[in-house]
Amino acid sequence: MKILFFDTKSYDKDSFEKEKRKYPSLEIDYLKTDLAPRTAQLAHGYDAVCAFVNSDVGTDTVERLHEAGVKTILMRCAGYNNVSLETAARCGIRVLRVPGYSPEAVAEHAMALALAADRRMHKAYVKVRENDFSLGGLMGFNFYRKTAGIIGTGKIGAAMARICRGFGMEVIAYDLYEDKSLKEFVTYKPLEKVLAEGDLISLHCPLTDETYHLINRETIARMKDGVVLVNTSRGALVKTEDLIEGIRARKFHGVGLDVYEEESSNVFEDRSDEILEHSTTARLLSFPNVMITSHQGFFTAEALAAIADTTLQNAMDAQQGRENSNICR
Ligand code: NAI
């Protein structure tokens, strides 16, 4: 099988080339450019394309991939809200993903963001570097004996719940489906209660029509004053304008974001030399209690190895027409 790999970064190539030794029948060519309607035609002569979380795999792209003869789309990520599954099904293209490569990688990053926002690590680091050893503006609160509210207790949410328990927190959660294996230390409650009782609220549900702008003016108003909000899931779970309004109203003690709306053009790019069109990140970063990272929750050595291995296994299964639970439907 010939695979065209889009949006390649050096670490992608390293991890895929390492894992590929186990799959000699797979051939991969790496492109720096990302998958989009205009670049889809580059896939002529390839059986499969490999794309990532912010690639544009909408209707136009999928149709052009179909015209190019592509039979398989290998998403090297968990989320696939950027893929038109309807078009893929119509074109007979199989879409596969990597559902759970290292939930702990994302959950540990969520806790890192929560702690950093709470204890103002981003501010403290810069202050000490400038020989400013004063503590003004750095006061946080203990997580010990506070309440963690987890929204979405799938693989990552469950890992976050375990971490919060390790911190001595009471863990409450909301999900459409309760995970019985967590019942020993997680109390499921309706969404309003989780919002109202959490000192730390961490989002771990996927982006769907139902969860789009789940965090908005109304749900923010239900939260405790002084809450720490963390989003490592998808940017559009949070309505940014309402978040900014809430931050200005002093609702939050801290906000940690690994994802945010309008992140697509930023993610994994060095734009330090550019004058940016949108001011969302700049506006958010103007607040002392906001900590932002650029979709790096998954970025650990363990996770990258697992992503490469599962993606290549998906490719093998697609090549041999085998059924696979990672097929997106
Ligand atoms: P998962 O599928 O194991 O869990 C998602 C959970 O959310 C499920 O338990 C599901 O029942 C629940 N859910 C669905 N709709 C809901 C709703 N309306 N309200 C409450 N709960 C709802 O997914 P996993 O692996 O835990 O990933 C969660 C999300 O994390 C992904 O959808 C993805 O968007 C994001 N992610 C972020 C990464 C990063 O680097 N920042 C990396 C990987 C995933």
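If you number the sequence shown the way the working numbering does, the last residue is 1525 and the count never jumps. Note that CB positions come from ideal geometry on N, CA and C, so glycine has one too. Source: prediction; values computed, not measured.
*Per-residue DSSP class, three states only, for N1510*: helix
*Return helix, strand or coil for S1398, following the three-state DSSP convention.*
strand
*Less than 7 Å separating the beta-carbons of I1346 and A1355?*
no
_What would DSSP say about T1383, mapped onto helix, strand or coil?_
strand
*Is it the case that the CB of P1402 approaches a heavy atom of ligand 1 more closely than 6 Å?*
yes
*asked:* With distance defined between alpha-carbon atoms, name the residue in I1488, V1291, G1296 nearest to R1525.
replied: V1291
*How about A1357: is its Cβ closer than 6 Å to a heavy atom in ligand 1?*
no
*Rank E1414, L1372, K1228 by C-alpha distance to the C-alpha of T1349 and give the top, closest one.*
L1372
*Could you check if P1299 is buried or exposed, using at least 16 other CB atoms within 10 Å of its CB as the buried criterion?*
buried
*Report the rounded CA-to-CA distance for I1269 versus N1510, giving the unit in angstroms.*
10 Å
_I need the straight-line Cα distance from F1158 to G1431, nearest angstrom please._
Given a span of 1197 to 1525 for the chain in the structure shown, any question on residue 1158 remains unanswerable.
_Best match in S1377, L1481, T1415 for proximity to E1388 [C-alpha to C-alpha]_ = T1415
*Identify, in the order they occur along the chain, each residue of the same chain with its Cβ nearer than 7 Å to the Cβ of P1220, setting aside the five sequence neighbours on each side.*
none
*Can you give me the Cβ contacts of A1244 inside the same chain, cut-off strictly under 8 Å, excluding the 5 residues immediately before and after it?*
M1197, K1198, I1199, L1200, V1266, K1267, T1268, I1269, L1270, A1511, A1514
*Less than 6 Å between the CB of K1267 and some heavy atom of ligand 1, yes or no?*
no
*Smallest Cα separation from A1306: which of C1360, L1281, N1277, E1259?*
C1360
*In DSSP terms, what V1245 is bridged to*: L1200, I1269
*With a threshold of 16 other CB atoms inside 10 Å of the CB of F1329, please say whether the residue is buried or exposed.*
exposed
*Shortest alpha-carbon distance to V1463 belongs to which of I1488, R1325, A1369?*
I1488
*Where does T1255 fall in DSSP's three states?*
helix
*Would you call G1229 buried or exposed, if buried means 16 or more other Cβ atoms sit within 10 Å of its Cβ?*
Contrary to the premise, residue 1229 reads as Thr rather than Gly in this sequence. Exposed, since its Cβ has fewer than 16 Cβ neighbours within 10 Å.
*Do you know whose CA, among P1402, K1447, A1320, lies nearest R1418's CA?*
K1447
*Own chain residues within Cβ distance below 8 Å of R1325, not counting five before or after*: none
_Spatial distance of L1378 from S1206 (CA atoms)_ = 38 Å
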